[in-house]
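Residue numbering for the sequence shown follows this note's numbering, beginning at 497 and increasing consecutively. One structure is given below, encoded as structure tokens.
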Amino acid sequence: MDERTEPPDTLRCRPSGCLDFQPAGTGRIAFVKAGIIAAGKGERLARGGVSTPKPLILIGGEPLIARVIRAAANVPVTSIACIVNDFNPAVADYLRSGSWPVPLELIVENTPSSMESLFSLAPLLEEEPFILFTVDAVFAFSVLERFIARASALRQAQGVLALTRFIDDEKPLWARVNRRHKILAIGEAARPSRYITAGFYYFRPDIFEMVDSARVRRMNALRQFLSFLLEKGYSLYGVPVAKTIDVDYPQDIEKAEIYLRKADKGRTP
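If you want it as structure tokens, here you go:
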């Protein structure tokens, strides 16, 4: 059976470790699910001499993938859908052998881009609003909490992008917003701008209605898909957040460690 047609592995947590989801109106966020894109090859890290698969790189003594799962569980969400590749079986093995605070559904698939990774997650995310994470984004949990609070208030939004002014990326995804934080342009069309995307997002599942159209246009990147949604009239907003770190190069590991140490001490990183 082809990998695309196989049902995903479903990893169930121990009942004692699960978080109870609180619906809207209870003071907790109404997000239901989370998606994690962790299917990249980590080629820039590998070229720099890092042999550990990116999702398993330790930041603050914890693998990147475990930290993102913990962040999502803290929202809370009822389940997490995660996609990894099979180039590094250690990542899937780690997820299968772990005990997680919420149910984890795992897809093992080699995809050509982050956009296709998102599309592969669609069957697991298409019923409810969801938070999307890229595995290499390192952020203080308080940063995510503030983003969630603001994103949930934007009831008219079909998508909300976390935006940061901290730019330390060779190919940042620029975003230009108006005074109401509605996104006006994404990518090169947004330059010059104060903001770039920070690595986590809120989406309504109706974005998946554009999957076939995006493929017809032969898009090959998540950033292209986001621009396409804007072009098609989707209501996208940007919420400014504090500094985040993308772990793309070996030197980013130390930057992320320093960032988290400052965050743990209550200082603005």
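Cβ atoms here follow ideal geometry from the backbone N, Cα and C, with glycine treated the same way. All of these numbers come straight from a predicted model, not from anything done at the bench.
The shortest C-alpha to C-alpha distance from V634 to any of A738, V528, K529 is the one to A738.
With a contact defined as Cβ atoms closer than 8 Å, L600 and Y697 miss out at about 19 Å.
Straight across, the Cα-Cα distance linking R675 with P736 is about 12 Å. Counting only residues of its own chain and dropping the five nearest sequence neighbours on each side, A567 has a CB closer than 7 Å to the CB of F637, L640.
For Y691, the enclosing beta strand (DSSP E) stretches over residues 691-699. Under the Cβ criterion (8 Å, minimum of three pairs), the segment 644-651 does not count as touching the segment 704-711. Of L552, V571, L614, the smallest CA-CA separation from F721 is found for L614. Here DSSP, grouped into helix, strand and coil, assigns A567 to helix.
If you look at R672, you'll find it in the beta strand (DSSP E) that goes 670-673. Taking 8 Å as the cut-off, the Cβ atoms of V580 and L552 do not count as close. Contact check for L657 against K529 fails: the beta carbons are separated by 8 Å or more.
Between G734 and T630 the beta-carbon gap is near 16 Å, outside 8 Å, which marks them as no contact.
Of the other Cβ atoms in all chains shown, 16 or more fall within 10 Å of the Cβ of K550; this residue is therefore buried. Contact between C578 and A618 is ruled out by a C-beta separation of about 14 Å, above the 8 Å threshold.
With contacts defined by Cβ atoms closer than 8 Å, L669 and R719 form a contacting pair. In terms of Cβ geometry, R700 and R661 do not form a close pair [threshold 8 Å]. As computed with DSSP, L659 is found in a beta bridge with T693, P736. In the displayed model, A636 falls within coil according to three-state DSSP, outside both helix and strand.
Ranked by how close their Cα comes to the Cα of W596, the residues A562, P572, N606, S610 have A562 in first place. Contact between E753 and I555 holds, with the beta-carbon distance rounding to 6 Å and staying under 8 Å. The three-state reading of DSSP puts E558 in strand, counting E and B together. In this structure, D665 sits near I692, with a CB-CB distance shorter than 8 Å. Approximately 6 Å separates the beta-carbon atoms of V571 and I644; this is inside 8 Å, confirming the contact.
When C-alpha distances from V604 are compared across G538, P585, G594, M611, the shortest belongs to P585. With contacts defined by Cβ atoms closer than 8 Å, L560 and V743 form a contacting pair.
In the DSSP assignment, T548 is bridged to no other residue.
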